[in-house]
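Protein chains in written order, with our numbering: chain A, 770 to 1023; chain B, 7 to 63.
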């Protein structure tokens, strides 16, 4: 009987090495891109050719919700990814955690902006107003400002490792806004309707509306995962460029 | 053409906005990746190496 003496690297340690992370996850980029594209093709076909054009309670603006709900979901999901990465930075000092945090911030900002944009275009015909300072909308606008603040903070620091720790703390403090957004529709009387998909008693909509909504939901989620991975690879390479430029400058001085 | 109803203009603008936003995001991600790849290739062509990659050739 032989005893295995070479220490086995867990995937967790393996992806801690930036070079290995790029090599390992690089293979996922094309399958993810193809999956995302396929989900969008199927989703848009369902939205425009299979879904009913209107429902008695939503009216003809139903098709806006197929892009509004996934963007609104992503505005919070991306923040969740950033908050988990922030824990990774502060607790485990995982080298990929701050890369993940930094790459996710501009993506989250754009999805939040699109959620607000599509929401206001839905609100005008449905509620008679583009904007109302109610709980859900105001807290989502605050989320957009938090994202923009985080993007600005990353640019304010030269030392990215130092930046990561400061921004991780800021991200975790800002995470308090996420449950506020989620429960704003229950806590305050808002124009925005309460949850109708993520409910304890199951979704409250017919399958011909739920199916396109779920497909679009996965299409947008995979779009985020693909772009996040690509942006993480770019961030790793950008750090390499910075290190090499520093070495080149040091070499020129000596 | 699909019948979009009396609020077609809101639906069309919502989709146009999302297409521009998502298209811009994809374009920017790819542009940023290409630009960084080019910088990295330029530095490597100048013979600059990272410490982990060993001494410059």
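Every residue gets a Cβ at the ideal spot worked out from N, C-alpha and C, and that includes glycine.
What you are looking at is a predicted structure, and each value in this text was computed from that prediction instead of being measured.
Following the DSSP letters along the chain, one finds residue 42 of chain B inside the alpha helix (DSSP H) bounded by residues 14-51. The three-state reading of DSSP puts residue 828 of chain A in strand, counting E and B together. Taking all protein chains in view, the Cβ of residue 904 of chain A is crowded by 16 or more other Cβ atoms within 10 Å, so the residue is classified as buried.
Using a CB distance below 7 Å, the part of the stretch 812-838 of chain A facing chain B consists of 817, 822, 823, 829, 830, 832, 833, 836, ordered along the chain. The stretch 39-59 of chain B makes no contact with the stretch 851-869 of chain A; the number of CB pairs closer than 8 Å stays below 3. Closer than 7 Å to the CB of residue 1010 of chain A there is at least one CB belonging to chain B.
The same chain holds no residue with a CB closer than 7 Å to that of residue 897 of chain A once the five nearest residues on each side in sequence are set aside. DSSP, reduced to helix, strand and coil, places residue 823 of chain A outside both helices and strands of the structure shown, so it counts as coil. In this structure, the beta-carbon distance from residue 883 of chain A to residue 826 of chain A does not fall below 7 Å.
For residue 27 of chain B, the nearest beta carbon of chain A is closer than 7 Å to its own beta carbon. Here residue 971 of chain A is exposed, its C-beta having fewer than 16 other C-beta atoms within 10 Å. If the five residues before and after residue 940 of chain A are omitted, its C-beta is found closer than 7 Å to the C-beta atoms of 851, 852, 855, 870, 919, all from its own chain and listed in chain order.
Annotated as distal: residue 985 of chain A and residue 822 of chain A, with beta-carbon spacing of 7 Å or more.
CA-CA distance, residue 824 of chain A to residue 796 of chain A, rounds to 43 Å. Using a 10 angstroms sphere on the CB of residue 779 of chain A, the tally of other CB atoms stays under 16, which defines it as exposed. Rounded to whole angstroms, the gap between the alpha carbons of residue 867 of chain A and residue 1014 of chain A is 21 Å. When Cβ pairs closer than 8 Å are counted between the two stretches, the stretch 830-838 of chain A is seen to touch the stretch 15-22 of chain B, the count reaching three or more. Taking 7 Å as the CB threshold, residue 1001 of chain A stays off the interface with chain B. Secondary structure of residue 1019 of chain A (DSSP, three-state): helix. The stretch 968-1001 of chain A is shown to contain no whole beta strand (DSSP E) run of 3 or more residues. A distance of 7 Å or more separates the beta carbons of residue 847 of chain A and residue 879 of chain A. It is roughly 41 Å from the alpha-carbon of residue 963 of chain A to the alpha-carbon of residue 791 of chain A. Taken atom to atom, the span from the alpha-carbon of residue 924 of chain A to that of residue 1004 of chain A is near 13 Å.
By a beta-carbon distance limit of 8 Å, residue 804 of chain A does not contact residue 989 of chain A. Their separation comes to about 12 Å.
Membership of residue 910 of chain A in the alpha helix (DSSP H) is indicated by the continuous run 904-925. Chain A has a Cβ within less than 7 Å of the Cβ of residue 45 of chain B. Proximity of residue 1017 of chain A to chain B, defined by a Cβ-Cβ separation below 7 Å, is satisfied.
Residue nearest to residue 950 of chain A within the set A/922, A/976, A/911 is A/911 (criterion: CA-CA distance).
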